[in-house]
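The opening residue of the sequence shown carries number 814 in the working numbering; numbering runs sequentially from there.
Beta carbons: idealized from backbone N, C-alpha and C, even for Gly.
The structure under discussion appears below in the form of C-alpha cells.
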Amino acid sequence: MVVDSPLFPDELDVLPAVLEQAGFPVSGLLATHGDWDHVLGRLAFPGAALGVAETTAAFLTGEPGTPQRELRDWDEEHYVERPRPLGLGQVQALPVPGHVGIGGHELELHPADGHTEDGMAVWIPWARVLVCGDYLSPVEIPWISEHGSATAYLATLRRLAPLVEQADHVVPGHGAVLDGTRAAAILGEDVAYLEALLERGADAPLPLARRSGAQRRIHAENVGRVAAAV
Ligand SMILES: [Zn+2]
C-alpha cells in the first residue's frame, strides 16, 4: 500500500520503479485525509484504487473537484507542469476505526480528525510503524485548517499516544521519519501548544524548534479558527 503521496511530477514518476526495485509490489493506495497534497497517488498508479476513511470519502463527495482545484493553484504558483490532470477514480470508503487486510496481515485504521474534519492514522502492528498524516510533524506546528478543530486535534493526539508509545517509527505527512521517542516528544509539545492556544490564543508559545515565519503564519490562522469556534 502507498499511504499518501509525494508532490512533484518527477517524484511521482519514479515512485513505481523505486518500489519495484525495493521489492514492494503495490496493491493499493491509501490517503490519511482529503487534503490535495495527500491524494496524488493515482498520478503514479493510475489504475490503483484509493482507499480513504468514510469521513474523507464524504468530504471528497461533498466537495468534488476541491483537491484538483487546489493542486492546480499550487502548480500555477510554483510553475509545476504535469502530464495529466488528477483523477481520483473510484474512491473506496473504509470504516474507521477498522482494519484493512494486506497479505496475511491487517492494517489498523484509527480516526484522526482535528487538522481537518476527516481522516485516519494507519498503524502497522507487525512493523510497529504509525503513519499519522498531518499530525506529529517535526517541521509543522498543529494546523487547524478550515474544517478543523483544536479540541478534536487534542483528542486525536491523545488517541494516538498509546500507539506512539509502542512505535519503532512514526511517519508524519510532512518532515522526516521519527523514532518513537522523538515522536512522543513532539506529541507532548503539540498538546502543550494546543492547550495554550485554547487558553491564551495569540499569546500561546510555539514549540521551540518550530517558530519560523511560516509557522507563525499557521499560528495566526489557528488563532482565528479557535476564536471563530468559541
Ligand atoms: Zn493536511
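Straight-line spacing of the CA atoms in A1017 and A1041 works out to 17 Å. Straight across, the Cα-Cα distance linking Y948 with H928 is about 8 Å.
Between I999 and V977, the alpha-carbon positions lie close to 10 Å from each other. A contact is defined here as three or more CB-CB pairs under 8 Å, and the segment 880-894 fails this definition with respect to the segment 919-933. With distances taken between CA atoms, W887 lies nearest to W849 out of G854, T964, L1011 and W849.
Looking only at E1008, R941 and G988, the smallest Cα-Cα distance to R971 is reached by E1008. Under DSSP, A866 takes part in a beta bridge, and its partners are L907.
Membership of P951 in any alpha helix (DSSP H) is not indicated, and neither H nor E is assigned to it by DSSP.
No Cβ-Cβ contact shorter than 9 Å links A835 with M933. Taking G961 as the centre and dropping the five residues before and after it, the same chain places the C-beta of G927, H928 and T929 closer than 6 Å to its C-beta, in chain order. For H982, there is no enclosing alpha helix (DSSP H); the enclosing beta strand (DSSP E) covers residues H982 to P985.
The residue from R1024, C945 and G946 with its alpha-carbon nearest to that of I954 is R1024.
The alpha-carbon separation between A1015 and V831 amounts to approximately 44 Å. Rounded to whole angstroms, the separation of the alpha carbons of V852 and E959 is 18 Å. For P877, the secondary structure class from DSSP, reduced to helix, strand or coil, is coil.
Considering only T874, A965, A862 and A996, the residue with the shortest C-alpha distance to A980 is A996. For G847, the three-state secondary structure derived from DSSP is coil. Annotation for A998: the continuous alpha helix (DSSP H) segment containing it runs G993 to R1013.
The set of residues with any CB-heavy atom separation to ligand 1 below 5 Å comprises, in chain order, D848 and D947. In the displayed model, G914 falls within a strand according to three-state DSSP. With 16 or more other CB atoms across the displayed protein chains lying within 10 angstroms of its CB, S950 is buried. When DSSP states are grouped into helix, strand and coil, L820 belongs to the coil group. Boundaries of the beta strand (DSSP E) around G946: V942 to G946.
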